[in-house]
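Each residue of the sequence shown is one higher than the one before, starting from 690 at the first, in the numbering used here. Following: one structure in structure tokens, then a few remarks.
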Amino acid sequence: MMASLLTLLATGLSLLVVDLVVPGVNLATFPSALIAAAALGGVNAFVKPVLSTLSLPLNFLSLGAFSFIVNGLCFWLASVLVPGFQVQGILGFILGPVILSAINAFLNSYFVEKYPQQFNAQEPLTKS
Numbered sequence: 690m691m692a693s694l695l696t697l698l699a700t701g702l703s704l705l706v707v708d709l710v711v712p713g714v715n716l717a718t719f720p721s722a723l724i725a726a727a728a729l730g731g732v733n734a735f736v737k738p739v740l741s742t743l744s745l746p747l748n749f750l751s752l753g754a755f756s757f758i759v760n761g762l763c764f765w766l767a768s769v770l771v772p773g774f775q776v777q778g779i780l781g782f783i784l785g786p787v788i789l790s791a792i793n794a795f796l797n798s799y800f801v802e803k804y805p806q807q808f809n810a811q812e813p814l815t816k817s
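In structure tokens:
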């Protein structure tokens, strides 16, 4: 539970940095960043696998470059679902998810080092 909250916080903070760095990505407030982080997680969990499967031939032909378009679509779809979060232009569409991923990886690794007990798997109740 705590690991999920820390991941949500890391994604929200990453979105705020993307708002500062990438032109075309706009966030109104920190709460909207947290809601956008949750929406992005939901879109990545439910919509992205479907889009990735449907675009597999294009991804194969482009040697994986079409995955940037799929990531951009998911990023844009999350912005459509959340008021106070906007993605405009090709830079926000393509560069936004790339920067978000890099910053989010850094923050998640920081939280894992800082709070390792929250991210370790629970011991099984029975040993076989």
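By construction, the Cβ of each residue, glycine as well, lies at the ideal position given by its N, Cα and C atoms. All of these numbers come straight from a predicted model, not from anything done at the bench.
Three-state class that DSSP yields for residue i in the structure shown
{"i": "Val732", "result": "helix"}
{"i": "Leu716", "result": "strand"}
{"i": "Gln777", "result": "coil"}
{"i": "Tyr804", "result": "coil"}
{"i": "Met691", "result": "helix"}
{"i": "Val727", "result": "A small fix is needed here, since residue 727 is Ala in this sequence, not Val. Helix, per DSSP."}
{"i": "Val706", "result": "helix"}
{"i": "Val739", "result": "helix"}
{"i": "Val787", "result": "helix"}
Contacting residues, own chain, Cβ-Cβ under 7 angstroms from residue i (five flanking each side not counted)
{"i": "Ala726", "result": "Leu697, Thr700, Gly701 and Leu704"}
{"i": "Ser756", "result": "Asn748"}
{"i": "Val710", "result": "Ile788"}
Cβ-based neighbour list, residue i, same chain, cut-off 8 angstroms, excluding 5 preceding and 5 following
{"i": "Cys763", "result": "Leu729, Val732, Asn733, Val736, Lys737, Leu740 and Pro786"}
{"i": "Asn793", "result": "Ala699, Thr700 and Ser703"}
Contacting residues, own chain, Cβ-Cβ under 6 angstroms from residue i (five flanking each side not counted)
{"i": "Asn797", "result": "Ala699"}
{"i": "Phe808", "result": "Ala692 and Val801"}
{"i": "Val706", "result": "Ile792"}
{"i": "Leu723", "result": "Gly701"}
Closest by C-alpha distance to residue i, when choosing among the options
{"i": "Val759", "options": "Leu745, Val769, Leu716 and Ile792", "result": "Leu745"}
{"i": "Ser768", "options": "Val710, Leu709 and Ala717", "result": "Ala717"}
{"i": "Ser790", "options": "Gln775, Phe774 and Gly761", "result": "Gly761"}
{"i": "Pro720", "options": "Gly713, Gly778 and Pro772", "result": "Pro772"}
Exposed unless 16 or more other CB atoms sit within 10 angstroms - verdict on residue i
{"i": "Leu766", "result": "buried"}
{"i": "Ala754", "result": "exposed"}
{"i": "Gly778", "result": "exposed"}
Boundaries (first-last residue) of the alpha helix (DSSP H) holding residue i
{"i": "Asn748", "result": "Leu745 to Leu750"}
{"i": "Gly761", "result": "Phe755 to Leu770"}
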